[in-house]
Every structure is written in C-alpha cells, then in structure tokens.
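Residue numbers (our numbering): 3 to 155.
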C-alpha cells in the first residue's frame, strides 16, 4: 500500500469538516471494473475500500453506487465521463468523475495513469493537476487546514 496515501486517508478520517461514507468491499470494486471494462489503479482501490465518497467541507467526492446500500445520499457517482452530461468538456478517454467543488469546478481521474485533472467551469478548461491520488488529498487537506486557520488568526 502507498504509505503516503494511507497517511492522507488517516488525516481525512480525523478531519472534523469532513463527512466520509463507509468504504466498499473488493467485490463491489470488481463489479464496477467489469461493468465499465476498466481496471481501477491500486490507490483508487485503497481509497474506495476506506471511503466510498463523501464531503470535504464543500468538496463532494464521488462514490460507487450500491443499489442495496441503506445510504442513498450519494450526490456524485464515480462513473465514466462519457456517461455524464459533462462529456463535452474533453475528448480524452478513460476519465471518471472524481469530485466536484460547491462552486462548480470538477475533478476527473484518468484511470490508467491515476492523474487527476481539474475542469475549470468558468473557462471550460481541463488541466492536469495531480499525478496521484495522495497528492490530491494532500492539497485538499492543506486547503481545509488553511481555511480553518484563517478563521482564528
């Protein structure tokens, strides 16, 4: 397991501003891989087994939908971009919706490479931002910490 990612997920579990959903079983991940004909990177698997989406103080993280799961609060689903109304944002293949800011910007994960892209909704611009999931969470947790510190200092 990626130690850096484990540390980020541990911090995420302690974050008071975050409401994370319980993770999914490996069988659920395998079902979605078969459904979409893709393979999730190891770090995405680790993340989904720990947390199946959630809310990081306004940043909604996508989760895998489970029809028989009692928690129907999913606002954002981890699914191929081609299956969403956002498909026109890029012609790049293998992008999955990963997260969305409350103000409209979205994040997509490229499954083969694990690169996370930011889509700026105001400029309709897609840019590569993070090379791996751990870097994405590190940045988001730093932003949360900075926002909390700004309230007190």
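We treat Cβ as the ideally placed atom computed from N, Cα and C, and that holds for glycine.
*asked:* I'd like the ranges of any beta strand (DSSP E) spanning at least 3 consecutive residues and lying wholly in the segment 9 to 59.
replied: 20 to 24 and 53 to 58
*Mind checking residue 122: buried by the 16 CB within 10 Å criterion, or exposed?*
exposed
_Nonlocal neighbours in the same chain, by C-beta distance under 7 Å from residue 23, ignoring five residues either side_ = 53, 54, 55, 56, 65 and 73
_Please report the straight-line C-alpha distance between residue 62 and residue 33, rounded to a whole angstrom._
23 Å
_DSSP beta-bridge partners of residue 129_ = 120
*Can you tell which of 58, 16 and 18 has the C-alpha that lies nearest to the C-alpha of residue 138?*
58
*From the DSSP output, read off the bridge partner residues of residue 106.*
Paired residue(s): none; residue 106 is not in a bridge.
_Among 31, 21, 36 and 126, whose alpha-carbon lies nearest the alpha-carbon of residue 44?_
31
*What number of angstroms, rounded off, separates the C-alpha of residue 7 from the C-alpha of residue 40?*
22 Å
_Taking 7 Å as the limit between beta carbons, can you name the residues of its chain near residue 140, skipping five residues before and five after?_
10
*Would you report the Cα separation of residue 106 and residue 17, rounded to the nearest angstrom?*
23 Å
*Find the nearest neighbour of residue 111 within the set 60, 131 and 124, judged by alpha-carbon distance.*
131
*Per DSSP, which one or two residues make a beta bridge with residue 111?*
98 and 118
_Identity of the residue in 37, 12 and 36 nearest residue 48 by Cα_ = 12
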